[in-house]
Amino acid sequence: MERSNHTVTEFILLGFTTDPGMQLGLFVVFLGVYSLTVVGNSTLIMLICNDSRLHTPMYFFIGNLSFLDLWYSSVYTPKILVTCISEDKSMSFAGCLCQFFFSAGLAYSECYLLAAMAFDRYVAISKPLLYARAMSIKLCALLVAVSYFGGFINSSIITKKTFSFNFCHENIIDDFFCDLLPLVKLACGEKGSYKFLMYFLLASNVICPAVLILASYLFIIATVLRISSSQGRLKAFSTCSSHLTSVTLYYGSILYIYALPRSSYSFDTDKIVSTFYTVVFPMLNPMIYSLRNKDVKEALKKLLP
């Protein structure tokens with residue numbers, strides 16, 4: 001990727017605080033969260049791979065979501081840990097570009113993957129007898145591949161556009177990672193076309209998948225309401241509860257920050273929200289999809305001595 005002329009060769013990440021005591025405390029917290037993220041997602045992937053009862057389309061998507069979350073968290077957390085215990089808060093231009101590219105690509109991919117999972121739930125509830133045939137392994141693999149392809153193609157576009165700016169202002173980023181809004185704040189030059197691109201990518205990578213998820217659940221609700229027994233309706237809705245929780249937490253935090261880009265906004269509030277969807281959310285997903293899941297619990301009991 002060709003780099004235009006600029007005066008910045010590295011960026012300084014301010015993180016959360018400059019107080020040494022608080023930095024040490026945050027290091028312990030982030031290390032604990034990251035450890036749980038790695039253990040939780042790795043365990044869930046292992047269970048899905050090893051237990052034949054979990055070789056279904058739904059768990060295929062859950063396994064891929066765990067893999068994505070594991071990768072997603074690893075883009076941010078190691079650098080956060082280093083920043084907390086090191087006096088060197090700098091990140092090279094190339095390092096910032098790579099972190100930006102992978103973070104955007106994985107975030108977009110997760111939006112698409114959650115939409116694919118909503119479609120899977122619609123097929124499972126509306127056509128239970130044809131579910132295995134309709135959601136073939138080829139279709140599931142295609143949906144996952146399209147999610148990653150769409151996410152990283154769009155990430156390439158926004159990364160190239162962002163890092164073609166001249167960063168002629170200060171190189172200090174008031175955040176813990178190389179995020180879009182702080183970088184744009186440091187950039188010089190005409191930003192009108194860039195704002196249009198931001199809105200376009202927001203619509204194609206976040207809003208469109210959200211609309212597909214909403215449409216899937218409207219069809220699911222219509223199907224469930226036709227079920228005569230209340231127990232049957234409750235059972236059908238329960239299969240969607242984990243996915244709905246995941247969608248609400250993820251989309252809620254992303255839309256809060258990026259739905260309405262602002263020239264001036266609260267860095268402190270946005271740092272808290274962005275910490276949730278970049279660091280905390282990948283830790284929560286294995287819990288969301290396993291704590292109320294009987295199949296996963298049984299697979300875990302079978303694995304443990």
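For the sequence shown, UniProt numbering assigns the number 1 to the initial residue and increments by one for each residue that follows. Ideal Cβ positions, reconstructed from N, Cα and C, are used throughout, including at glycine. Keep in mind it's a predicted model, so treat the numbers as computed, not measured.
Selection from the options that minimises the alpha carbon distance to residue i
i    : options                   : result
S35  : V279, L304 and R53        : V279
D174 : V206, K89 and L300        : K89
G95  : S42, F163 and L304        : F163
D179 : V224, S274 and F60        : S274
L202 : T239, D295, Y256 and Y76  : Y256
L97  : L304, M198 and S155       : S155
S147 : K161, L26 and N64         : N64
S73  : C140, G40, F61 and L54    : G40
V75  : A115, P182, F176 and F200 : F176
M87  : A215, L14, V211 and Y250  : Note that residue 87 is Glu in the sequence shown, not Met. When only C-alpha atoms are compared, the closest one is L14.
A187 : K195, C168 and M198       : C168
F102 : K127, I153 and L114       : I153
L114 : L300, C240, P20 and N293  : C240
P128 : I48, G232 and S253        : G232
Near the ligand SAM: residue i beta-carbon under 8 Å from a heavy atom
i   : result
G15 : As presented, the structure is devoid of all ligands, the ligand SAM included, so that no description of it is given.
Per-residue burial, residue i [other beta carbons within 10 Å of its own, 16 or more giving buried]
i    : result
M22  : exposed
C111 : buried
V29  : exposed
S66  : buried
P209 : buried
H55  : exposed
A132 : exposed
V296 : buried
S264 : Below a pLDDT of 50, predicted positions are generally treated as unreliable, and S264, at 45, falls in that range; the measurement from the model is reported next regardless. Looking at its Cβ environment, which holds fewer than 16 other Cβ atoms inside 10 Å, S264 is exposed.
A299 : buried
Straight-line gap, residue i to residue j (C-alpha atoms, nearest Å)
i    : j    : result
A222 : L70  : 35 Å
Q99  : T159 : 10 Å
F219 : A104 : 30 Å
G151 : A145 : 10 Å
A124 : S42  : 26 Å
I288 : T245 : 8 Å
L304 : N50  : 13 Å
L139 : I172 : 45 Å
L81  : I207 : 32 Å
Y122 : M46  : 26 Å
L291 : L249 : 17 Å
L284 : T37  : 8 Å
Y277 : L181 : 16 Å
M58  : M198 : 32 Å
Span of the alpha helix (DSSP H), counted from its first residue to its last, around residue i
i    : result
F196 : G192 to L202
L12  : One point to set straight first is that residue 12 is Ile, not Leu, in the sequence displayed. No alpha helix (DSSP H) contains I12, which is instead part of the beta strand (DSSP E) from E10 to L13.
K294 : K294 to L303
L54  : Segment: none, L54 is in no alpha helix (DSSP H) and carries neither H nor E.
R133 : Y131 to A134
Anticipated Cβ contact below 8 Å, residue i with residue j, distance rounded
i    : j    : result
I213 : V247 : 6 Å
F16  : L26  : 6 Å
Beta strand (DSSP E) segment containing residue i, residue limits
i   : result
M91 : S90 to S92
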